[in-house]
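The structure appears right after this line, and notes come after that.
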Amino acid sequence: MSENLLKELSELGFPLFKREEKSRADSVLARLAKSGDSRLWEGFPVVLANSVEKGLLNYENVLRQLKRASDKSKLNALLAMSLALYEVLGLKFSWTKKLLNSLSPREKKDFDDFKENLKRDCLFTVAGREMSVQRLKTTFSNYFWKNQSGLNELLLVKEELGVEYALSQVFSPKQKELFLKKLKSEKLTKTEKEYFSRSVKKKALALANPELHRLARKLLEA
4 MSENLLKELS ELGFPLFKRE EKSRADSVLA RLAKSGDSRL WEGFPVVLAN
54 SVEKGLLNYE NVLRQLKRAS DKSKLNALLA MSLALYEVLG LKFSWTKKLL
104 NSLSPREKKD FDDFKENLKR DCLFTVAGRE MSVQRLKTTF SNYFWKNQSG
154 LNELLLVKEE LGVEYALSQV FSPKQKELFL KKLKSEKLTK TEKEYFSRSV
204 KKKALALANP ELHRLARKLL EA
């Protein structure tokens with residue numbers, strides 16, 4: 004198992020060992036797919052979700068880094084498995100539909116099959132590797148939920164709350180990213196701090212205004 008891969012997996016929310024170095028998500032996901040290691044594959048949904056939430060993922064670039072068709076097939080199988088897991092767990096991310104549409108008809112069928120097996124807690128195979136439903140769910144619970152640090156209502160985006168959708172209506176992708184980074188007390192660069200104060204903070208102050216909130220609700224009830 005590559006030492007560098009372990010370091011980078013830790014940064015993306017699946018720390019088999021404690022590491023704190025930053026990494027490029029595209030490269031990590033490509034190497035994760037190529038590894039063929041079912042233990043690491045159990046963490047793929049965690050790494051994928053954290054990568055997208057942090058604005059680090061370019062899925063087309065991940066595919067480009069895989070030269071062999073068999074490795075691309077592994078990656079897409081892991082993607083289908085991850086999307087199925089999110090749906091079975093009742094999560095709704097704004098980005099899952101686009102990734103699902105990037106899959107081939109055969110891979111979309113795999114997605115449907117994975118969903119059924121996950122619902123029934125049945126063993127299933129991904130690219131020839133046997134996966135445990137319980138281990139997959141437990142791994143996601145242990146690492147993704149915990150990584151949200153009390154912001155579950157904002158970042159887990161359960162369908163009934165629709166918080167991510169609401170944020171996307173108010174903030175641009177970059178503004179939303181800074182909004183969430185600030186909430187999680189992540190360090191901002193000087194440029195990000197200036198942009199946050201100039202744009203994001205003003206919108207946040209407007210959203211926090213109780214009178215504006217009252218008027219908005221009155222408008223919707225009219």
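Be aware that the sequence shown starts at 4, since it is given in my numbering, and climbs by one per residue. Each residue gets a CB set at the ideal place from its N, CA and C atoms; glycine is no exception.
Item to complete: For Ser144, count neighbouring C-beta atoms within 10 Å of its own C-beta (all shown protein chains included) and say buried if the count is 16 or more, exposed if not.
Response: Start at 1 with the first residue of the sequence shown, and residue 144 comes out as number 141. Flag for Ser144 reads exposed.
Practice prompt. Please name the residue, chosen from Lys57, Lys75 and Leu86, that lies closest to Ala36 on a Cα-to-Cα basis.
Written response: As a working mapping, residue 36 is identified with position 33 in the sequence shown. Answer by Cα proximity: Lys75.
Worksheet item: Among Glu90, Ala72, Asn79 and Ser97, which residue has its Cα nearest to the Cα of Pro176?
Response: As a working note, residue 176 is residue 173 in the sequence shown. Nearest C-alpha to Pro176: Ser97.
Practice prompt. Would you kindly work out how many angstroms separate the C-alpha atoms of Ala80 and Gly46, rounded to a whole number?
Written response: For this step, residue 80 is matched to residue 77 along the sequence shown. For this step, residue 46 is matched to residue 43 along the sequence shown. Rounded to the nearest angstrom, the two C-alpha atoms are 14 Å apart.
Discussion item. With a threshold of 7 Å on Cβ separation, who are the neighbours of Ser171 within its own chain once the five nearest residues in sequence on each side are excluded?
Written reply: One-based indexing of the sequence shown puts residue 171 at position 168. Within the same chain, Ser171 has close Cβ partners Ser97 and Lys179.
Discussion item. If contacts are defined as beta-carbon pairs under 8 Å, then Lys185 and Phe199 qualify, I think. What distance do you get, rounded to the angstrom?
Written reply: As a first step, residue 185 must be located in the sequence shown, where it is residue number 182. As a first step, residue 199 must be located in the sequence shown, where it is residue number 196. 6 Å between Cβ atoms; contact.
Practice prompt. Return the first residue and the last residue of the beta strand (DSSP E) that Thr141 is part of.
Written response: Start at 1 with the first residue of the sequence shown, and residue 141 comes out as number 138. No beta strand (DSSP E) contains Thr141, which is instead part of the alpha helix (DSSP H) from Val136 to Phe143.
Discussion item. Within a Cβ cutoff of 8 Å, which residues of the same chain sit near Ser107, ignoring the five residues on either side of it in sequence?
Written reply: Taking the sequence shown and counting its residues from 1, the one referred to as residue 107 is at position 104. The residues are Asn79.
Worksheet item: Helix or strand or just coil, what does DSSP make of Leu94?
Response: Residue 94 sits at position 91 when you count from the first residue of the sequence shown. Leu94: strand per DSSP, three-state reduction.
Worksheet entry | Cβ shell of Val65 (< 7 Å), same chain only, five flanking positions each side left out | Within the sequence shown, numbered from 1, the residue matching residue 65 stands at position 62. For Val65, where only same-chain residues beyond five positions count, the Cβ hits under 7 Å are Asp29, Leu32, Ala33 and Leu78.
Item to complete: Using 10 angstroms around the beta-carbon of Lys221, count the other beta-carbons present and answer buried if the total reaches 16, otherwise exposed.
Response: On the sequence shown, position 218 is the one that residue 221 refers to. By the 16-neighbour rule on beta-carbons within 10 angstroms, Lys221 is exposed.
Worksheet item: Looking at the C-beta of Arg220, does it have a partner C-beta in chain D at a distance below 9 Å?
Response: In summary, chain D is missing from the structure at hand, where a single protein chain is found.
Practice prompt. Tell me whether Glu133 sits in a helix, a strand or coil according to DSSP, three-state version.
Written response: Against the sequence shown, residue 133 aligns to sequence position 130. In the structure shown, Glu133 adopts extended strand secondary structure according to DSSP, grouped into three states.
Worksheet entry | Closest Cα partner of Thr194 within the set Ser202, Ser188 and Lys187 | Numbered from its first residue, the sequence shown carries residue 194 at position 191. With distances taken between Cα atoms, Thr194 lies closest to Ser202.
Worksheet item: Quick one: what does DSSP say Leu159 is sitting in, helix, strand or coil?
Response: Numbered from its first residue, the sequence shown carries residue 159 at position 156. A caution first: Leu159 carries a pLDDT of 44, below 50, which makes its placement in the model too unreliable to give a value.
Worksheet item: Quick one: what's got a C-beta closer than 6 Å to Ala211's C-beta in the same chain, skipping five residues either side?
Response: Taking the first residue of the sequence shown as 1, we reach residue 211 at position 208. There are no such residues.
Practice prompt. Ignore the nearest five residues each way along the sequence and tell me which others in Tyr62's own chain have a CB closer than 6 Å to its CB.
Written response: Residue mapping note: residue 62 aligns to position 59 of the sequence shown, counting from 1. Around Tyr62: no qualifying Cβ.
Practice prompt. Quick one: residues in its chain with C-beta nearer than 7 Å to the C-beta of Ala83, no 5 flanking neighbours on either side, listed in chain order?
Written response: Indexing the sequence shown from 1 puts residue 83 at position 80. Hits under 7 Å: Leu106, Glu110, Asp113, Phe114 and Phe117.
Worksheet item: Among residues of its own chain, excluding the 5 on either side of His216, which ones have a beta-carbon nearer than 6 Å to its beta-carbon?
Response: To locate residue 216, count along the sequence shown from 1; it is residue 213. Closer than 6 Å at the Cβ level, and outside the excluded window around His216, lies no residue.
Discussion item. I believe Leu102 touches Leu86 by the beta-carbon criterion, under 8 Å. Please report the beta-carbon distance rounded to the nearest angstrom.
Written reply: By one-based count along the sequence shown, residue 102 stands at place 99. By one-based count along the sequence shown, residue 86 stands at place 83. Yes, Leu102 and Leu86 are in contact; Cβ-Cβ is about 6 Å, under 8 Å.
Worksheet item: Between the Cα of Gly131 and the Cα atoms of Lys100, Asp40 and Leu8, which residue gives the shortest distance?
Response: For the purposes of this step, residue 131 is taken as the residue at position 128 of the sequence shown. The shortest C-alpha to C-alpha distance from Gly131 to any of Lys100, Asp40 and Leu8 is the one to Asp40.
Discussion item. If you reduce the DSSP assignment to three classes, tell me which class Phe127 lands in.
Written reply: If you number the sequence shown from 1, residue 127 lands on position 124. In the structure shown, Phe127 sits in a strand (DSSP, three-state: E or B).
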